[in-house]
Every structure is written in C-alpha cells, then in structure tokens.
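**Q** One structure follows; several queries about it will come next.
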Amino acid sequence: MGHAIEAEGLVKHYGETKALDGVDLVVPQGRLLGVLGPNGAGKTTAVRVLATLLRPDAGTARVNGFDVRRDAHQVRSMIGLTGQYAAVDEMLTGVENLLMIGRLLGLSRADARRRAAELLERFSLSDAGGRAAKTFSGGMRRRLDLAASLVGRPQVLFLDEPTTGLDPRSRNELWDVVRGLMADGVTVLLTTQYLEEADQLADDIVVFDHGRVIASGTSDELKSRTGAQVLEVRPVQEAHLDLVVQVVADVIDDEPEISGGKVMAAVHDPAVVPAIVRRLDDLGVVASELSLRRSSLDEVFLSLTGHRAEEEAGVGKEEALV
Amino acid sequence: MTTMSTAMPAAAKRVGAGATVRQTMTLAWRSLVQIKHNPWELLDLSIQPIMFLLLFTYVFGGAISGSTGDYLQFALPGLLVQNALFYTLSTAIGLNTDITKGVFDRLRSLPIARTAPLAGRIIADTFKQVWAFALLVGFGMILGFRVTTSVAGLIGALALLVVVSLAMAWLSVLIGLKAANPEKVQMIAFSTMMPLTFTSSALVPSQTFPGWLEAWSNVNPVTHLADAIRALLIGGEVAQSAMISLLWALGFVVVFAPLAIRVFRNHA
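Protein chains in written order, with this note's numbering: chain F, 1 to 322; chain D, 323 to 590.
Okay, structure coming up:
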C-alpha cells in the first residue's frame with residue numbers, strides 16, 4: 001500500500017522562530033489525516049512545504065513518490081490546495097474563477113466550461129455562478145475555493161483550516177463535501193484548530209505544537225493514550241459542591257475542577273468511583289449525576305500540551321509571517 | 323493496490339513553451355475580463371487625471387495659459403504621462419492583492435509556468451494602459467484638445483508611454499511583492515508620483531519655477547517624458563526628450579528587473 005504523503009524531519013525556521021522543528025508525517029492513500037494544533041503550531045507551514053509553496057530548510061517530503069523540491073512540477077499536477085483564506089479572484093464570477101483554473105490546467109474551453117458547471121452544481125453554487133465572487137457569503141467563497149482546488153481532480157488534497165470562521169451550518173456543509181471526497185478515494189490532509197472537526201473527519205490525527213508532532217494516532221487512541229478518564233459529579237444541592245470537592249480531592253489525591261455546578265477530575269483508576277460514592281453516601285450528599293467518561297480530544301490536547309487549544313494569544317505570530 | 327505514482331501516466335517534468343504562452347494568455351484574460359463586467363472600472367485610476375484635467379483647465383487654465391483652450395493643449399499630454407505613471411502601480415496593486423488574498427499561492431500550487439502569473443498581469447496592464455490612453459485623449463478631444471502633429475505622432479506617444487510603463491513595471495512588481503498590503507501600495511504610489519509629476523513640466527511650464535525647483539525639474543524624468551509626449555502630440559523637439567526618457571526606462575530595467583526577479587524567485 002503506497003503512501004500518498006511522506007515527510008521526514010521537516011525543518012523550517014523564520015529567524016529565531018522554529019515554524020517546523022523536525023516533523024515526520026505519513027498519510028496512506030485514501031486516508032484523511034487531521035493535523036491538529038493551535039495557531040502558530042506550524043500546521044500552515046507544513047502544508048505550504050508539502051504543496052511546494054515553501055522550501056524546507058531541512059528534511060524531505062514526497063507526494064505520491066515525487067519529491068516536493070526536485071519534482072515540484074509533478075507534485076503540483078497531483079495536488080489541490082485550499083488555504084485559510086478563500087483564494088478566489090473576487091472580481092471574477094464563480095464560473096470564471098473555475099474556467100480560469102481549467103484553462104490553466106490545459107482543458108479545452110468546452111471541457112473547462114463543463115467541469116466548472118459540474119463543480120458549481122456539486123457545491124450548490126449553480127445559481128450564484130454568474131455573480132462576482134465578491135458578492136458571495138463566507139461559506140460560498142469557501143465552497144468556491146474548494147471547487148477551484150478540485151478542477152484538476154487531484155489525488156491529494158490539502159485543506160488548511162477550511163472551516164475557520166464559518167458558521168456551524170456552513171461548517172457542516174463543508175464536512176459533508178469532505179466526506180464525499182473521501183468516498184471518491186482522495187487522500188486528504190486537513191489542518192484544524194477544532195478538535196471536533198478532527199474527531200468528525202479524520203482517520204488519523206497528529207497533534208502539532210511549537211513545530212513538532214507531539215502525538216499521533218486515531219482519535220480513540222489519542223483519547224485513551226493519556227490514560228485518564230473523566231469523573232463528573234453533580235450534587236443535587238449546589239451547597240454540597242465544596243463537600244464533593246473535598247471528598248474527590250481526598251480520594252484521588254488531586255485537586256478537582258469545578259465547572260457549571262459539576263465537580264470534574266481526571267482519574268486513572270476506576271476503583272476510585274465506588275470509594276467516592278461510599279464517602280458521599282456517608283455524608284448524606286445526593287448526586288444527580290455521577291459519571292465516568294473518556295476524555296474529550298480537548299482534554300487530551302490540554303494534557304499533551306499543557307495548554308488549551310484555543311488560548312493562544314502569544315504564539316500566533318509565526319503563522320502570520322508565512 | 324499499487325501506488326498512484328506508478329498507476330499514473332508519467333507527469334511532464336516541466337511546462338513547454340506553447341503551454342506557457344497559453345497559460346500567460348489565460349491569466350491576462352483573467353485580468354481583462356473584469357473590463358467586460360464593468361468597462362468604467364478602468365476610470366478608477368483615470369478619474370483623478372480627468373478631475374485634474376477639468377479643474378486645471380477651467381480653474382487655473384486662464385491664469386496659467388491665458389485661455390482654457392491653450393492650457394488644455396498644454397496640459398493634456400502631461401496628464402497622459404501622470405496617468406500612465408500612476409497606472410504602472412496598478413501592476414503592484416494587483417499583484418499585492420493576489421498575494422494577500424491567497425490567489426498567488428493558488429496559482430503557484432498549479433502545474434503552470436512560474437512566469438505566467440507575472441507575464442499575464444503585465445500584458446493585461448499594458449492593454450489597460452492603451453485603453454486608459456484612448457479614454458483620456460478621447461475625453462480631451464471632446465473638451466477641445468487637438469492633435470496637431472499626425473496620427474504617427476499619436477501612435478508614437480502611445481508607444482513611448484507603453485515602453486516607459488513596461489520599464490516601470492519592474493519597480494511596480496518589486497513594490498507589489500514587498501508591500502504589506504494593497505493600501506500601502508496605494509500610499510506609496512500617491513506619495514511618490516504626486517510630487518514627481520507636480521515638480522515637472524507635466525502640468526505647468528517649468529520656466530516659472532524658482533531656480534532650485536527648475537533645476538530639479540530639468541533632471542526629473544517626468545519632465546522629459548512629458549516634453550516628449552507633448553512634442554509628439556502638438557509639435558516640438560522630440561528626439562532629445564524621447565531619448566532621455568528611454569535612457570531612464572533602460573536605467574529602471576537595469577536596476578529593478580534583477581531585484582524584482584530575485585524577490586519573485588524567493589517567493590516562488
């Protein structure tokens with residue numbers, strides 16, 4: 001089974017900033033790899049290297065066996081790229097944007113026209129196809145951008161934060177499109193800041209932080225990797241919250257969190273649950289909710305990186321440079 | 323399952339000459355098709371010269387030249403120069419917009435000739451130059467401007483402006499690649515082109531300037547270009563001013579073409 005994307009030891013520095021600090025990636029044919037990480041983690045830089053837009057300082061990368069440096073032209077003929085911004089010409093209509101790409105890829109006028117109509121239909125843009133792209137909504141632009149990257153029927157598709165800034169409905173629509181592409185056998189590398197997105201779409205996930213891959217595996221593997229499960233206890237009476245905190249802290253020997261009337265704590269040994277139940281019972285505290293669940297990807301991310309995915313004010317700068 | 327690379331017909335190693343030309347033309351089409359949607363959009367950059375044309379002719383014309391008609395004859399060639407110079411920066415604005423909007427990256431991720439995006443844009447901008455020249459001359463003629471030389475003079479004036487503009491396009495490409503955003507480009511355009519044209523013989527005879535300013539005006543390339551265009555349209559000594567203008571153009575190419583190409587390569 002061939003690998004559509006292979007990268008070894010990719011390094012890219014911008015002055016002092018290490019945008020990529022030795023990244024290895026492997027995506028088997030027809031799979032979707034979710035690259036998860038906060039702003040400035042190096043996701044976009046990795047995509048730009050793989051899409052031949054940026055030369056790495058060190059390391060090698062191959063797409064369908066072609067080296068992104070030496071065989072850049074062949075790589076370009078196999079890939080589609082949809083970036084963070086919708087890269088469409090706003091002055092052109094939807095049809096013209098797709099016509100332009102088709103003609104650039106060597107399609108005849110008639111074929112380019114047919115392909116454009118086909119893609120507009122598929123992305124529910126047929127009615128708007130004759131309007132200038134600058135009149136499109138954010139979701140429509142993103143769909144047009146994705147359509148533009150599909151004109152050449154790429155075998156490998158790079159989606160760089162395709163749903164950033166979209167409303168939930170547009171995001172769901174885009175997810176459906178991506179699922180459709182996977183059904184067609186397209187290999188996809190998708191970067192995202194949204195853990196839910198990776199959870200929804202990705203076969204495999206790698207987690208980026210500060211230009212490095214800090215974890216990889218399926219969503220389930222990652223969730224169990226950290227070993228922790230999450231205990232949640234909600235007392236019927238809010239006044240009992242402090243008491244619950246005390247009990248939980250006593251039993252698991254760690255300070256739990258309080259959030260939304262619930263006490264939450266990471267537990268590694270399920271045997272603590274009966275112990276907590278007994279203690280609460282002794283104290284006459286009734287719980288309206290008491291559960292043990294696997295950690296969400298969000299919590300996995302927190303435990304892997306020591307910071308949450310969204311709170312990234314300070315390190316967001318390097319991505320803006322590239 | 324075999325790997326795609328072996329299942330695929332071998333992809334071409336590079337882009338052939340025929341394909342390069344076709345891709346360049348497609349990208350030129352892309353810049354020009356906007357005119358079809360909105361033919362007056364070209365006036366965006368010409369509105370300022372037309373406004374100057376009207377203001378200068380009817381407000382200052384009498385004071386500067388004694389009559390509005392005389393001033394129009396004098397000033398229109400200068401306004402053509404001013405417009406052409408401003409217009410060269412539309413290459414920078416277009417290129418910079420493509421970069422900031424991500425269109426540049428999209429094009430670079432396609433299996434097309436590396437030079438096609440640049441060449442296509444410059445061809446389109448040259449076409450727009452010709453269009454804007456025709457608009458201004460046409461508008462001037464409605465107001466009473468007359469070409470007193472010949473059709474050859476008119477064509478010569480257009481040719482000279484196009485050649486100088488193409489030379490300036492290298493500087494424009496450099497600015498377009500380097501500037502942070504299109505607004506910055508516009509600001510650079512305004513703060514360099516305005517003083518350059520106003521301290522030349524484009525809009526007023528420079529003999530009326532104070533000595534130091536006249537000295538500057540005499541070396542200002544805009545003066546030579548304006549003198550050449552004026553001579554080509556309404557008569558006068560062409561050879562010297564045209565030659566100096568072409569030397570300036572050559573100088574621009576020699577200095578800025580290598581710089582622009584280097585920055586473009588690093589980008590690509």
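C-beta: ideal position from N, C-alpha, C; glycine also.
So, does the CB of G42/F fall closer than 8 Å to a CB anywhere in chain D?
**A** It does not; no Cβ of chain D falls within 8 Å.
**Q** Would A215/F count as contacting chain D if we go by Cβ distances under 8 Å?
**A** No, no contact with chain D.
**Q** Identify every run of the beta strand (DSSP E) within the stretch 18–69 of chain F, keeping only runs that are complete inside it and at least 3 residues long; order them along the chain.
**A** Listed in chain order, the complete beta strand (DSSP E) runs (minimum 3 residues) inside the stretch 18–69 of chain F are 32–36, 58–63.
**Q** Can you give me, in chain order, the residues of the stretch 426–438 of chain D that have a beta carbon less than 9 Å from any beta carbon in chain F?
**A** Answer set for the stretch 426–438 of chain D: F426, D427, R428, L429, R430, S431, L432, P433, I434, A438.
**Q** Could you check what DSSP says for V213/F in three-state terms: helix, strand or coil?
**A** Strand, per DSSP.
**Q** What are the boundary residues of the beta strand (DSSP E) that includes F158/F?
**A** Note, F158/F: beta strand (DSSP E), 156–160.
**Q** Tell me, which residues are paired with P235/F by DSSP?
**A** Note: P235/F sits in a beta bridge opposite A287/F.
**Q** Does the Cβ of N97/F have 16 or more other Cβ atoms within 10 Å, making it buried, or fewer, making it exposed?
**A** Buried, because 16 or more other Cβ atoms sit within 10 Å of the Cβ of N97/F.
**Q** Output yes or no for whether 8 Å exceeds the beta carbon distance between M100/F and A132/F.
**A** Taking 8 Å as the Cβ cut-off, M100/F and A132/F do not qualify as a contacting pair.
**Q** Mind listing which residues of the stretch 37–61 of chain F have their C-beta closer than 9 Å to chain D's C-betas, in chain order?
**A** Correct list: R48, A51, T52, L53.
**Q** Report the rounded CA-to-CA distance for A571/D versus I415/D, giving the unit in angstroms.
**A** Cα-Cα distance, rounded: 21 Å.
**Q** Suppose you measure from the CA of V263/F to the CA of R171/F; what does that come to, to the nearest Å?
**A** Distance between the alpha carbons of V263/F and R171/F is about 32 Å.
**Q** For chain A, find out if any of its Cβ atoms is closer than 8 Å to the Cβ of V473/D; answer yes or no.
**A** Absence of chain A from the displayed structure is noted, the protein chains being F and D.
**Q** Since L157/F and G80/F should fall inside the 8 Å C-beta cutoff, what is the C-beta to C-beta distance between them, to a whole number of angstroms?
**A** Confirmed, about 5 Å.
**Q** Apart from the five residues just before and just after D420/D, which ones in its own chain have a Cβ nearer than 7 Å to its Cβ?
**A** So the list reads F426, once near-sequence residues are dropped.
**Q** Could you pull out every unbroken alpha helix (DSSP H) segment of at least 4 residues lying fully inside the stretch 72–150 of chain F, listed in chain order?
**A** Entirely contained in the stretch 72–150 of chain F, the alpha helix (DSSP H) runs reaching 4 residues are, in chain order, 72–76, 94–104, 109–122, 138–150.
**Q** Using a Cβ cut-off of 9 Å, which residues of the stretch 405–423 of chain D contact any Cβ in chain F, in chain order?
**A** Flagged, chain order: T419, D420, T422, K423.
**Q** Could you name the residues of the same chain whose beta carbon sits closer than 8 Å to that of E238/F, not counting the 5 residues immediately before and after it, in chain order?
**A** Closer than 8 Å at the Cβ level, and outside the excluded window around E238/F, lie G261.
**Q** Quick one: Cα of L195/F to Cα of L222/F, how far?
**A** When rounded, the distance between both Cα atoms is 12 Å.
**Q** Identify, in the order they occur along the chain, each residue of the same chain with its Cβ nearer than 7 Å to the Cβ of G391/D, setting aside the five sequence neighbours on each side.
**A** Around G391/D: G466.
**Q** Spatial neighbours of E559/D within its chain, please: C-beta separation below 7 Å, excluding the five flanking residues on both sides.
**A** A553, listed in sequence order.
**Q** At least one CB of chain F closer than 8 Å to the CB of R352/D: is that the case?
**A** Interface residue, yes.
**Q** Using the Cβ count rule (16 or more neighbours within 10 Å means buried), how would you classify L10/F?
**A** With 16 or more Cβ atoms within 10 Å of its Cβ, L10/F is classed as buried.
**Q** Within 8 Å of any Cβ in chain D, is that where the Cβ of Y14/F sits?
**A** No, its Cβ sits nowhere closer than 8 Å to a Cβ of chain D.
**Q** Would K43/F and V35/F be called neighbours here (beta carbons separated by less than 8 Å)?
**A** Yes, Cβ-Cβ distance for K43/F and V35/F is below 8 Å.
**Q** Is L119/F closer than 8 Å to A87/F when the C-beta atoms are compared?
**A** The answer is no: Cβ separation not under 8 Å.
**Q** Are the CB atoms of A524/D and Q451/D nearer to each other than 8 Å?
**A** No, the pair does not count as a contact, with Cβ atoms beyond the cut-off.
**Q** My output table needs one value for V469/D: the three-state DSSP class, helix, strand or coil.
**A** Coil.
**Q** How about M326/D: is its C-beta nearer than 8 Å to some C-beta of chain F?
**A** Confidence at M326/D is low in this model, with a pLDDT of 40, below 50, so the placement of that residue is unreliable and no value is reported for it.
**Q** Cβ closer than 8 Å: which chain D residues qualify as neighbours of E96/F?
**A** Going along chain D in sequence order, the residues near E96/F (Cβ under 8 Å) are R352, V355.
**Q** Taking 8 Å as the threshold (beta carbon to beta carbon), is A341/D in contact with chain F?
**A** Yes, contact with chain F.
**Q** Anyone know if the C-beta pair for G65/F and A7/F falls short of 8 Å?
**A** No.
**Q** Assign N542/D to buried or exposed, taking buried as 16 or more other Cβ atoms, counted over all protein chains shown, within 10 Å of its Cβ.
**A** Buried, because 16 or more other Cβ atoms sit within 10 Å of the Cβ of N542/D.
**Q** Exposed or buried, which one is D282/F when buried takes at least 16 other CB atoms within 10 Å?
**A** Exposed is the call here.
**Q** Excluding the 5 residues preceding and the 5 following I258/F in the sequence, name in chain order all residues of the same chain whose CB lies nearer than 8 Å to its CB.
**A** Closer than 8 Å at the Cβ level, and outside the excluded window around I258/F, lie L241, V245, M264.
**Q** Nearest-angstrom Cα distance between H13/F and G37/F?
**A** The straight-line gap from Cα to Cα measures roughly 18 Å.
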